[in-house]
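Written below as C-alpha cells is the structure these notes are about.
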Amino acid sequence: MKVRQLEKKIQNTSHSRPKNRSRILLVLGIVFIAAALRAPFTSVGTLIEMIKDDLGLSNTLAGAITTLPLLAFAVVSPLAPKLARRFGIANVLLISMLLLSVSILVRSASSAILLFSGTAMLGISIAVCNVLLPGLIKGKFPHKIGLMTGVYTVSMNLFAALAAGISVPLASHAGFGWRGTLAMWFVLAALATVLWIPQMRILGIPSRSQKSVISRSIWRSPIAWQVSLFMGLQSLLYYVLIAWFSIIMGERGMSSSHAGWILSLMQLAQLPFTFFVPLFAGRLKNQRSLVLITFILYTIGISGVWLGSTSWMAVWAISIGIAGGFAFGLVMMFFSLRTKTTQEASELSGMAQSVGYLLAASGPALFGWLHDLTHSWTLPLLLLLGASCVLLIVGLGAGKDRYVGIE
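Numbering (this note's numbering), first residue to last: 29 to 435.
The structure is reproduced here in C-alpha cells:
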C-alpha cells in the first residue's frame, strides 16, 4: 500500500514539473513583452529635438512622431480581440512581437518616410499586445490576477521610465545618436519574441470553450463605458503632464535640469503603486475606495502645481505620480474584474484602450491650445482638475462589483 502511494506521489511530481516549467516560461514571456511595449515608445519623446534637427522636420511633423502611435492604439485596439479569437492569442502575440522588432529597425533608418512608417507599425504591434495581455492574464492566472497584473504593469512602467531617462545620455554622450539609441530596443523586443515562441505549443490553438456573450453589445454596456472613460481620463492626465510639466516649471523660473529631475521623480513615484494597487484591488469586494484615493491625490498634486510654491513642487509631483500609479493599476484590473472570461476581458480592453487613446491623443494639443488662447496656465490646469472630477464619477461606477453584460 505504501509502495503504491509512493509511486503515485512520484508520478504526480513528474507531471507537475513540466507544468511548473511552462508556467515560469509564460510569466517570463509576459514580463519581457510588457517591458518591450513601453521602452520603444517613451524613448523617442526625449529625442524629438535631435530627430527634428537631423531630418529637417517641422514642429507639426515632429509632434506626429508621438501622436501617431496613440492614434494607432485607438484604431487597432478594437480589432485585437477578433484576431485572437480567429487565430489564437499566442499566435497573434508572436506576430505582433515580430512586427514590433522589425518596426524598431525600420524607424531607426535614415529617412523621414521610414521613420513614420516604422512608427505606425510600432503603434499597431503595441496596440495588439496592450489589449490581449490583460485577457491572457485573466485566463491563465485566474487566482493570481492581482499579482500578475502588478508584475505586468510594473514591468511596462519601469522600462518606460528607464528608456526616457537614458535616451539622451546614450544619444549625446555615448555617441549612439538618435538612430542607434532607438535601434537598441530591438534587442529587448527580439528577446521577448524568442521567449514567447515556446507558448505556441501551449496556447496556440484558439479556445472554443470561452465565447463572449457580450462581444456584440459591449459598446452599449454602461460598465464598459465607465471603464473606458476611466482609461481615457487617466491616459489624458498622464500624457498631458508628461508633455507640459517641464514647460510649466520652466515658465515658473525652474531650470530645465531641475524640471527634468522633478518629472523623473513623478514617474518613479508611480512605479511601486502600479504593482501594489492591483494586489489590493483584487482582494476588495469593490474598488471605489481606491478610486477616491486616486481623485484626492490628483487634486492635491494638480492644485499644488497651479497654486502652490515651486519649492514644494517635488511634493506635488510625487502626489501626481502616486495618483497615476493608482489609476493605471486600477484600470488594468478593471479589465479582469468586470468580466467573466478571457475573451470578454480582451473585448473590454480593446474598447477601453480605443476610447482611452483617442482622449490621450487629443489631450496635450488641447492643453497647449488653451494656454495659447489665454496666455496662462490657469484654464489648462482647471481642465485637468475637471478631468479628475469626471475620473472620480466614472471610477465610482467602474469600481462597483458588477460584470459587463450582467447589469
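A virtual CB, placed ideally from N, CA and C, is assigned to each residue, including glycine.
Please work out which residues of its chain come closer than 6 angstroms, Cβ to Cβ, to residue i, disregarding the five sequence neighbours upstream and downstream, and give them in chain order.
i: residue 146; result: 131, 134, 135
i: residue 273; result: 291
i: residue 154; result: 65
i: residue 423; result: 258, 319
i: residue 240; result: Because residue 240 sits at a pLDDT of 49, beneath the cut-off of 50, its placement in the model cannot be relied upon, and the following sentence gives the value as read from the coordinates. Hits under 6 angstroms: 371, 372, 375.
i: residue 341; result: 290
i: residue 70; result: 188, 191, 192
i: residue 303; result: 178, 182
i: residue 238; result: The pLDDT assigned to residue 238 is 48, lower than 50, so where the model puts this residue is not dependable; a value taken from the coordinates is nonetheless given after this. Contacts found: 369, 370, 371.
What does the Cβ neighbour count give for residue i, buried or exposed, with the cut at 16 atoms within 10 Å?
i: residue 48; result: exposed
i: residue 337; result: exposed
i: residue 62; result: buried
i: residue 115; result: exposed
i: residue 393; result: exposed
i: residue 352; result: buried
i: residue 57; result: buried
i: residue 401; result: exposed
i: residue 202; result: exposed
i: residue 141; result: exposed
i: residue 170; result: exposed
i: residue 143; result: buried
i: residue 416; result: buried
i: residue 129; result: buried
i: residue 281; result: exposed
i: residue 397; result: exposed
i: residue 250; result: exposed
i: residue 403; result: exposed
Report the partner residues of residue i according to the DSSP bridge assignment.
i: residue 434; result: 431
By alpha-carbon positions, which one of the options ends up nearest to residue i?
i: residue 196; options: 155, 184, 288; result: 288
i: residue 82; options: 212, 370, 207; result: 207
i: residue 106; options: 158, 80, 364, 413; result: 158
i: residue 374; options: 96, 113, 227; result: 113
i: residue 50; options: 328, 278, 225; result: 225
i: residue 306; options: 70, 108, 178; result: 178
i: residue 348; options: 267, 227, 111; result: 267
i: residue 254; options: 309, 183, 379, 354; result: 379
i: residue 198; options: 300, 409, 350, 75; result: 75
i: residue 7; options: 339, 215, 301; result: Outside the shown range of the chain, which is 29 to 435, sits residue 7, and nothing can be said about it.
i: residue 119; options: 94, 246, 222, 181; result: 222
i: residue 109; options: 425, 246, 139, 283; result: 246
i: residue 122; options: 182, 80, 356, 54; result: 54
i: residue 77; options: 205, 365, 125, 323; result: 205
Between which residues of its own chain and residue i is the CB-CB distance below 7 angstroms, once the five residues before and five after are set aside?
i: residue 377; result: 159, 162, 163, 363
i: residue 368; result: 431
i: residue 264; result: 387, 388, 391, 415
i: residue 168; result: 54
Closer than 8 angstroms by C-beta to residue i: which residues in its own chain qualify, once you throw out the five before and the five after it? Chain order, please.
i: residue 314; result: 427, 428, 429
i: residue 418; result: 257, 261
**OP:** Taking only runs that begin and end inside the stretch 158-194, name each unbroken alpha helix (DSSP H) of 4 or more residues, in chain order.
**Re:** none
**OP:** Go through the stretch 243-307 residue by residue and report every complete run of the beta strand (DSSP E) that reaches 3 residues or more, in order.
**Re:** none
**OP:** Could I get the ranges of all uninterrupted alpha helix (DSSP H) runs contained in the stretch 72-145, with 4 residues as the minimum, in chain order?
**Re:** 76-83, 87-104, 108-115, 117-135
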